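At position 109 of the sequence shown the residue is numbered 109 (the UniProt record's numbering), and the sequence of numbers has no breaks.
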Amino acid sequence: MMPRSKGAMNFRGFPQELWFLIAEQAVNSRDTSTLVLLARLNRAMADFALPRMYGIPYDPRQPTSEYRKYSHPDKQSVSFWSSCAIIAEEETENNLSTLLRSLPPNTLGMHAPSSNLVNNGSLPSTASFRVTRGIVHGQEILEALDRHSGSLRRLVFAKLGPGALSALNQLRNCNALEILSLGASDVNADFDFARSETAVYDQCVEWLRGCYQLKDLSLLRFPSGTQLLKDSLAGPKLRLKSLTLVEVGASAPWYHELHHQAKLECLEVHVPDLGLLALGPASGRCQDLAAGISRCPELTELHAEDYLSVGDISKISEGALKLERISFSGTLVHDEHLMPLANLPRLKEVHIMGDSSFTASGILRFFDKMEGNADHDHRGFSFSAAFQQGTLFGLKEDMRLREAAERAFGGNVTFTYVDSDGEDYYGERPNPNRFLGSP
């Protein structure tokens with residue numbers, strides 16, 4: 001096992017080739033901690049070990065990415081790649097923090113080597129910093145990243161632990177971010193970040209409101225996430241193009257502030273708590289969400305895992321006229337939910353995630369209404385229902401729907417049939433003539 005020195009490590013008398021062999025062994029064993037330590041040896045090892053660490057697949061069954069020869073544009077600079085797929089333990093986290101602090105301030109991504117993968121892709125530099133698996137435990141990484149706030153463009157923390165949440169204000173100077181995704185570890189759903197960490201929370205609100213380059217924001221099971229949106233969406237500098245929210249715990253009416261994000265193009269809202277989901281229509285949350293969405297004139301993509309009514313869909317269709325893709329849920333979605341969507345001039349995709357009870361005649365009526373608008377463009381239109389209950393289309397009806405979609409839009413229709421308990425008992429109807437054009 002290689003020495004675990006806390007300082008910079010050069011080991012000039014130690015064969016470089018041996019370090020490369022150790023790095024390869026660390027890749028094979030998915031040992032990110034050792035790869036971070038190797039990267040601190042010298043510039044050559046940083047250029048070699050960090051891309052290999054980034055290439056460790058999340059799924060051990062998948063092969064590690066292959067690399068072609070790449071060049072370093074500035075031999076005097078350490079190339080620090082987008083870390084790190086996994087933080088398996090606090091030791092790895094501390095080593096990574098030390099490495100970040102050892103680099104000159106605001107140099108993340110400034111001297112990244114060009115590296116082509118076998119598929120002609122490329123690896124991002126740590127202007128993009130991602131921890132997509134494992135828990136970030138403390139504040140050390142946050143403090144180290146703040147040192148590079150001027151060059152950090154993309155930041156993803158899938159699971160912030162309690163210690164990291166309490167120090168989230170350490171990122172308050174990272175206002176040049178373009179992409180930000182924050183999630184939390186499995187904290188109690190009742191944990192109120194806004195009230196329990198008031199001073200930290202208030203600084204986080206000011207931080208988000210001042211992120212003048214932020215285009216893509218995701219809050220995934222983030223405690224007080226809805227409250228954070230409510231307090232920050234009205235920020236005069238914040239102009240999002242994409243917003244993703246996975247709600248957890250009590251919900252604050254963040255959707256009232258959606259109209260401040262007039263340039264929003266993509267919105268995803270997920271409510272995994274079935275109890276909270278069921279309360280949506282009665283509490284007025286769904287109606288208010290629909291009203292907020294209707295005030296986003298540039299929206300092209302909407303994924304709302306919420307129980308939207310016919311009235312909610314009508315409200316959305318009246319305001320968000322640029323919608324091209326929409327998916328939503330419901331207690332029992334039926335033909336009338338579809339009719340308002342025919343008024344959207346560029347609609348290309350409808351996916352129903354909740355229980356549905358469509359009829360073949362209703363869907364054909366929907367197609368006719370869309371096709372009747374000559375100035376609309378629905379080419380390639382796709383319709384799918386994931387939980388169709390009760391009404392099983394016969395083979396003749398099924399073929400008729402597919403032919404209608406193909407003839408009118410060059411599109412397709414997909415149904416998955418389930419019983420009243422949600423069990424998939426029919427599956428997707430086979431398509432013997434392959435109208436979809438798939439192999």
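Even glycine gets a Cβ: it sits at the ideal position worked out from N, Cα and C. Given the structure is predicted, the values throughout are model-derived calculations rather than measurements.
Item: Contact under 9 Å by Cβ, LEU145 with LEU160; Value: no
Item: Pick from ALA49, SER33, SER29, ARG30 that is closest to GLU17, judged by C-alpha positions; Value: ALA49
Item: Own chain partners of PHE383 with C-beta closer than 6 Å, once the 5 adjacent residues on each side are dropped; Value: VAL350, VAL413
Item: Spatial neighbours of LYS315 in its chain, beta-carbon cut-off 7 Å, leaving aside the 5 residues before and after; Value: ALA290, ALA291, SER294
Item: Identity of the residue in ALA342, GLN203, ALA386 nearest GLY354 by Cα; Value: ALA386
Item: Bridge-paired residues (DSSP) for ASP216; Value: ILE179, SER242
Item: Backbone CA spacing between GLY235 and ILE179 [nearest angstrom]; Value: 17 Å
Item: Residues that DSSP places opposite SER329 in a beta bridge; Value: TYR307
Item: PHE358 in three-state terms, based on DSSP; Value: coil
Item: N-terminal and C-terminal residue of the beta strand (DSSP E) that HIS270 is part of; Value: 266-270
Item: C-beta contact flag for PHE366 and ASP398 at 9 Å; Value: no
Item: Residues of its chain near ASP231, where Cβ-Cβ distance is below 7 Å and the 5 sequence neighbours each way are ignored; Value: VAL205
Item: GLU298 vs GLU265 beta-carbon contact at 9 Å; Value: yes
Item: Nearest to GLY284 (by Cα), restricted to the options LEU243, PRO105, ALA252, ALA360; Value: ALA252
Item: Buried/exposed call for LEU152, threshold 16 Cβ in 10 Å; Value: buried
Item: Exposure label - ALA342; buried when at least 16 CB within 10 Å; Value: buried
Item: For ASP273 and ASP306, the rounded distance between their alpha carbons; Value: 11 Å
Item: Cα-Cα separation, ILE352 to PHE358; Value: 11 Å
Item: Cβ neighbour criterion (16 or more within 10 Å) applied to ASP186; Value: exposed
Item: Proximity below 9 Å, CB of LEU220 to CB of VAL246; Value: yes
Item: Exposed unless 16 or more other CB atoms sit within 10 angstroms - verdict on PRO223; Value: buried
Item: Sequence-distant residues of its chain with Cβ nearer than 8 Å to GLY138 (five each side left out); Value: GLU90, GLU93, GLY161, GLY163, ALA164, ALA167
Item: Exposure label - GLU140; buried when at least 16 CB within 10 Å; Value: buried
Item: Spatially closest choice to ALA176 from THR198, GLY183, ASP216, by CA coordinates; Value: ASP216
Item: Inter-residue Cα distance where the pair is GLY330 and SER309; Value: 7 Å
Item: ARG153 - partner residues in DSSP beta bridges; Value: Beta-bridge pairing links ARG153 to no other residue.
Item: For GLN213 and GLU143, the rounded distance between their alpha carbons; Value: 21 Å
Item: ALA127 versus VAL271 - alpha carbon distance; Value: 31 Å
Item: Per-residue DSSP class, three states only, for PHE193; Value: helix
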